[in-house]
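J.: First the structure, which I've put down as structure tokens, then a few questions once you've had a look.
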């Protein structure tokens, strides 16, 4: 027997080496696939948070618009009250309205207006509370 290896032995050793390298590559590919899946999962979670954030931002914008509209309505009501008081005073000065009827009319109008203002303020406070809740949720 010769001390040199036969071509068959060399080929077998080379095949074993290639098989070992192939197994290493397969393990590396498996690890890369797992990393890829983990990254995909993270991206889905980030996308989900982004969509939720966009939804909350849209809702916040809508609430801010509603709040601005409520404030405009409140200002318009205040202007109407002032106008009604001004007209009533002018009519009283001209003697068209007697004091008792004017007072009663004013009390009714004032109650109605105050009720409406209270309702609008309550709506604004609810919207502010919802806005604060959404902002807190958004920050989480």
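Numbering (UniProt numbering), first residue to last: 1 to 140. Built from N, CA and C at the ideal position, the CB exists for glycine as well. Small disclaimer: the values here were computed from a predicted structure and weren't measured.
So what does DSSP say about residue 139, is it helix, strand or coil?
T.: Reduced to three states, the DSSP call for residue 139 is helix.
J.: Can you look up residue 96 in the DSSP assignment and give me helix, strand or coil?
T.: Residue 96 falls in the coil class under three-state DSSP.
J.: Buried or exposed: where does residue 129 fall if 16 or more other Cβ atoms within 10 Å of its Cβ makes it buried?
T.: Exposed: under 16 other Cβ atoms inside 10 Å.
J.: Could you give the distance in angstroms between the alpha-carbon of residue 32 and the alpha-carbon of residue 18?
T.: For residue 32 and residue 18, the distance between alpha carbons rounds to 21 Å.
J.: Can you list, in chain order, the stretches of the alpha helix (DSSP H) that have 4 or more residues and sit fully within the segment 40 to 118?
T.: If we require 4 residues or more, the segment 40 to 118 turns out to have no alpha helix (DSSP H) run fully inside it.
J.: What is the DSSP secondary structure of residue 129, counted as helix, strand or coil?
T.: Helix at residue 129.
J.: Closest to residue 103 by CA distance: which of 115, 24, 89, 114 is it?
T.: Minimum Cα distance to residue 103 is reached at 89.
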